[in-house]
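Undergrad: If you're matching positions, the sequence shown starts at 964 in my numbering and goes up one per residue. Note that CB positions come from ideal geometry on N, CA and C, so glycine has one too.
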Amino acid sequence: MLDDLTLRRASIAEADKLGRLAFASWDSSMRHIINPESDDALAAERAALELSFQLFCINASPAITVAEKDGALLGWGAREPMSAYISDLWVAPGHQRQGVGRTLLHAVEQDIFRAGYDVSVLETHAENGGAIRFYAREGYGIIWRGVKFSRMLGQRIEKVRMEKQLVVAAH
């Protein structure tokens, strides 16, 4: 599967597709954290969240690394410019647990290392056990747990911050 995987920078023209992919990935594992008062409120919150992902992709496209195979988008990762912070890592639900996320994570870590940082930092929802286990397998350790306001979700959520030393991993 990974033999034919291509990594490249995102373009603004594909922000819509990237946003939909991120939303589908988020929705497959974290939809339960939205507690709407009605079905209409749920639909509105889901639409707003998907739009937030798309707007992020428009603004951050130069910092997004895309994984694709035969022209199909499989996932993407991003880091904040001039920072060691990985802001996003999303893999399409049908392609999870196949090495795409690991390949993307390592590519973003290499970008961070080449920019002069020796650590990589990221945050994820504290209830996202799958992500926490994935990052732990990749050498990340939890350095903080607490509550933060999520602009995308419009609510306070419990998060964990994880960190990895890159010097050893970047040989």
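Answer yes if the region 1008-1024 comes into contact with the region 974-986, meaning at least three C-beta pairs across the two stretches below 8 Å, and no otherwise.
TA: A contact exists between the region 974-986 and the region 1008-1024.
Undergrad: Apart from the five residues just before and just after residue 1130, which ones in its own chain have a Cβ nearer than 6 Å to its Cβ?
TA: Once the five neighbours on either side are set aside, the close Cβ partners of residue 1130 are 1081.
Undergrad: Count the CB pairs spanning the region 1096-1106 and the region 1117-1126 that are closer than 8 Å, and state whether there are at least three.
TA: Cβ pair count under 8 Å is three or more, so yes.
Undergrad: Can you give the Cα-Cα distance for residue 1026 and residue 1013, rounded to whole angstroms?
TA: Residue 1026 and residue 1013: Cα-Cα distance of roughly 19 Å.
Undergrad: Given this structure, state the Cα-to-Cα distance separating residue 1070 from residue 1042, to the nearest angstrom.
TA: Answer to the nearest angstrom: the Cα atoms are 11 Å apart.
Undergrad: Could you spell out where the beta strand (DSSP E) holding residue 1128 opens and where it closes?
TA: First-last of the beta strand (DSSP E) with residue 1128: 1118-1128.
Undergrad: Quick one: measure Cβ to Cβ for residue 1052 and residue 1034, integer angstroms, because I've assumed they're closer than 8 Å.
TA: So it is not a contact: roughly 21 Å between Cβ atoms.
Undergrad: Rounding to the nearest angstrom, what Cα-Cα distance links residue 1095 and residue 969 in this structure?
TA: Each residue's Cα considered, the two are about 26 Å apart.
Undergrad: Would you kindly report the start and end of the unbroken alpha helix (DSSP H) that includes residue 1067?
TA: Run containing residue 1067: 1063-1077, per the alpha helix (DSSP H) assignment.
Undergrad: Which residue marks the beginning of the beta strand (DSSP E) containing residue 1037, and which one marks its end?
TA: 1035-1042 is the extent of the beta strand (DSSP E) around residue 1037.
Undergrad: With distance defined between alpha-carbon atoms, name the residue in 1059, 1023, 1030 nearest to residue 1044.
TA: Nearest of 1059, 1023, 1030 to residue 1044, Cα basis: 1023.
Undergrad: Assign residue 1051 to one of three DSSP states: helix, strand, or coil.
TA: Correct three-state label for residue 1051: strand.
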